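Position 98 of the sequence shown, counted from 1, bears residue number 649 in our numbering, the numbering being contiguous throughout.
One structure below.
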Amino acid sequence: MADRLAFLTTPSRPRERRAPQERLGDRHEVYREGALLPVIAGQAGRCMDCGLPFCHHACPLGNLVPDWNTLVAHDAWRSAAARLLATNNFPEFTGRLCPAPCESACVLAIDSDAVTIKNVELSIADRAWESGYDRPQPPERMTGQRVAVVGSGPAGLAAAQQLTRAGHTTTVYERADRIGGLLRYGIPPFRLEKHRLDRRIDQMRAEGTRFRTGVAVGRDVAADDLRARYDAVVVAVGATACRDLPVPGRGLPGVHQAMTYLTHANRVDEGDYAVSPLSAEGLDVVIVGGGDTAADCLGTALRQRAAAVTQLDINPRPPARRAPGQPWPVHPKVYRVTTSHEEAGGAAAEPRVFAATAVGFDAGPDGRLAAVRFAEAEQPGRRPLPGTECTVPAGLVLLALGFSGPEQDGPDRDDPEQDGPEQDGPSPADRADRPGRADRGDPADRGGGRARGGGLVGQLGLTIDPQGRLTRDDGFAAPADGVFVAGDAGRGQSLIVWAIAEGRAVAAAVDRYLRGSTELPAPIAPSDGPLTV
Ligand SMILES: Cc1cc2nc3c(=O)[nH]c(=O)nc-3n(C[C@H](O)[C@H](O)[C@H](O)COP(=O)(O)OP(=O)(O)OC[C@H]3O[C@@H](n4cnc5c(N)ncnc54)[C@H](O)[C@@H]3O)c2cc1C
Ligand code: SF4
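What follows is the structure in structure tokens.
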């Protein structure tokens, strides 16, 4: 520690954000670039090095938090980067997007402000890129074994990077036209600018990982053929089957899944469209849902100059502080003002209606959506309470109700057709002509023709548990020999930090399967979960 008493003398400093009005004028990240560096050594110095680092255990990656706090406090950035990169393949993503359960578990947080661990992590990550400490690590020798990874979200990417670095020839198959999963087409650029994702993918290419985009395994290439061509297959297809809301009026033009909306908005930033074919501009928007996806819809709608935005959250307003049932060190459910809610006006102009459930969508004289009917949600039970119904005008409804599990041979989430016929703009086929994206590689990956029936799940003999997740044993292995399951596909809808941890752990399992033993780290088991009481 630079100053043993810094936790008493140095106040916590949050990361500096740009002013909401400035942010709404662009889609750049909301935080001010470089603002952390002058203060971060002092912030890292607030770590007490308490000897019982609950932060380390609360992080699914087992990030060595006290170690890098001490190193940053002493300006030892190269060593700090080495410690961070030893446990986390993508700290530039978690440093921006992780909800930081480590901070909830920081010993200082018992009666004070936690160390700003996530900001320290981000500063190390960004500095490592700038200084060349985070450089490609191609394998010293190849094993001669070939691995296919299906899905290019954080789980698939982490698995692929670990396996490539271990010397296995690794190919990532992605059905979308770009790599990245929800990092690419879910999370908006105002929370993660995509050049950061591209930079990481370039690094992986330089290490030897191969990428095949625009290939839906189970549809464009038979999954069992893939299994026959590779020594092992990792299935990291995410859990992107959107929950729906089967209430009267659901089929009206103007009611859409949030992921359709966010995918289009992200495509504007990628240069595919000048204007989103599903824009909120000038419309009264109602977002149904209360999580990250809903907050991302809010921030996007505000940037598109929606006339008004209302968010219906079925849960009651959480308490301002930890409830007695959620004691330290668990990550508590408390009232949070996200950056999107701050842009909507903060707590003073709260767009959320808590304990509210949508009960129907009403059409106007033109047959299009005109209003949402909602009611107070009974707690617990969440049923609409009779006599509480009211309406809010709506020209666009976005359903952000979470995900039920992996998609099973349904339409691509990316496919505008899946969410009603009203959207204009180029078809997916038109878009495929654009340069600079599709990386389809070996024609064998698309052909030998169409896949047989049964899709990925049927062709690989995968099974589904009662929660809708792909089953795997305690070594991430699916029922079929040589097939492994990782990320949201096996865990259910979760977080980036868990996806990276799953990717690292499944890579260790695959390496052991191929070589009989492994030196790769396995930070979690499939049954591990967040700290609970
Ligand atoms: C809008 C939104 C915001 C979020 N914000 C946060 C956040 O701030 N912090 C956080 O920690 N978490 C956040 N999450 C959750 C986080 O993004 C996920 O938990 C994480 O991306 C899961 O990673 P994954 O690799 O398992 O799956 P995904 O990221 O879903 O990637 C799966 C990939 O597999 C591909 N695929 C599917 N089927 C096939 C097939 N048959 N063939 C080829 N490819 C296929 C898909 O196209 C996709 O690219 C958010 C999620 C959403 C939707
Ligand atoms: S990855 Fe998340 S939980 Fe782990 S140290 Fe970083 S912010 Fe904390």
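In this text, a Cβ means the ideal position worked out from N, Cα and C, and glycines have one as well.
Because the structure is a prediction, the values reported are computed rather than measured.
Residue i versus residue j - alpha carbon distance
i: D685; j: R794; result: 39 Å
i: G918; j: G718; result: 59 Å
i: G971; j: L920; result: Low confidence applies to G971: its pLDDT is 39, below 50, so where it sits in the model is not reliable, and the reading given next is rough at best. Approximately 13 Å between the Cα atoms of the pair.
i: S827; j: R856; result: 12 Å
i: T715; j: L1071; result: 12 Å
i: G896; j: T861; result: 12 Å
i: F605; j: A706; result: 24 Å
i: P962; j: L622; result: Note on P962: pLDDT 42, under 50, position unreliable in the model; the coordinate value appears next. Distance between the alpha carbons of P962 and L622 is about 49 Å.
i: H625; j: A787; result: 39 Å
i: W879; j: V836; result: 37 Å
i: D577; j: T844; result: 19 Å
i: G602; j: A1031; result: 44 Å
i: V784; j: V698; result: 6 Å
i: L708; j: E567; result: 30 Å
i: E744; j: F905; result: 31 Å
i: P617; j: E654; result: 12 Å
i: D771; j: T764; result: 11 Å
i: R729; j: Q572; result: 31 Å
i: R756; j: Y824; result: 27 Å
i: A1059; j: A1073; result: 6 Å
i: A846; j: I865; result: 14 Å
i: L575; j: G737; result: 19 Å
i: T791; j: P937; result: 33 Å
i: G769; j: V1008; result: 8 Å
i: V723; j: P740; result: 23 Å
i: A632; j: S703; result: 25 Å
i: D1062; j: P957; result: 25 Å
i: Y817; j: H579; result: First, the amino acid is wrong: residue 817 is Asn here, not Tyr. Those two C-alpha atoms are separated by around 12 Å.
When the options are compared against residue i, the one with the closest alpha-carbon
i: R629; options: A1040, V590 and S682; result: S682
i: R1042; options: G576, A1052 and T942; result: A1052
i: D1086; options: G1006, R854, P878 and D618; result: Summary: the structure shown does not reach residue 1086, with the chain confined to residues 552 through 1084, and so no result is reported for it.
i: L659; options: R597, F644, A921 and V839; result: R597
i: G1026; options: I1015, S1078, D1016 and Q1010; result: S1078
i: E927; options: A1060, C941, A900 and P916; result: C941
i: E893; options: V581, D577 and P642; result: V581
i: R872; options: I661, W1049, L622 and T939; result: I661
i: G1019; options: D1039, P1030, V910 and A774; result: D1039
i: P689; options: L1021, E758 and A1058; result: E758
i: E901; options: T722, A859, R934 and L612; result: A859
i: R747; options: G602, A1028, P642 and S1045; result: P642
i: C649; options: F905, V1057 and T889; result: T889
i: S663; options: T560, V1036 and R903; result: T560
i: T638; options: G1080, V1084 and I1075; result: I1075
i: G842; options: R903, R692 and S830; result: R903
i: E672; options: S703, V700, L635 and V701; result: L635
i: E929; options: T939, A922 and V923; result: T939
i: R780; options: R1063, V700, L733 and I838; result: V700
i: V943; options: V923, R647, G932 and S955; result: V923
Cross-strand partners of residue i (DSSP beta bridge)
i: E725; result: T764
i: P944; result: A922
i: V888; result: Note: V888 sits in no beta bridge, so no partner.
i: E927; result: A907
i: G956; result: A792
i: I1015; result: L1021
i: Y582; result: R568
i: T541; result: Only positions 552 to 1084 of the chain appear in this structure, which leaves residue 541 out of reach.
i: T861; result: V837
i: F912; result: V923
i: A783; result: V698
i: L950; result: Q808 and V839
i: F1035; result: V785 and A1028
i: V772; result: V768
i: P935; result: A928
Presumed contact (8 Å Cβ cut-off) between residue i and residue j, rounded CB distance
i: Q696; j: N640; result: 20 Å between Cβ atoms; not a contact.
i: P1065; j: V1034; result: In the sequence as displayed, the identity of residue 1065 is Leu instead of Pro. In fact, because the Cβ distance is near 13 Å, the residues do not count as touching under 8 Å.
i: A767; j: R726; result: 4 Å
i: L1082; j: A651; result: Wrong, their Cβ atoms sit about 13 Å apart, outside the cutoff.
i: V1048; j: T645; result: 5 Å
i: L1021; j: V1036; result: 5 Å
Three CB pairs or more closer than 8 Å across the segment 578 to 597 and the segment 666 to 682: yes
At least 3 beta-carbon pairs within less than 8 Å: the segment 808 to 822 vs the segment 839 to 857: yes
Three or more C-beta pairs below 8 Å linking the segment 880 to 893 and the segment 907 to 916: Judged by Cβ distances under 8 Å, the segment 880 to 893 makes no contact with the segment 907 to 916, as fewer than three pairs qualify.
contact_flag[the segment 942 to 953, the segment 796 to 806] where n(CB pairs < 8 Å) is 3 or more: The segment 942 to 953, when compared against the segment 796 to 806, does touch it at the 8 Å Cβ threshold.
The segment 663 to 673 touching the segment 748 to 765, judged by at least three CB pairs closer than 8 Å: no
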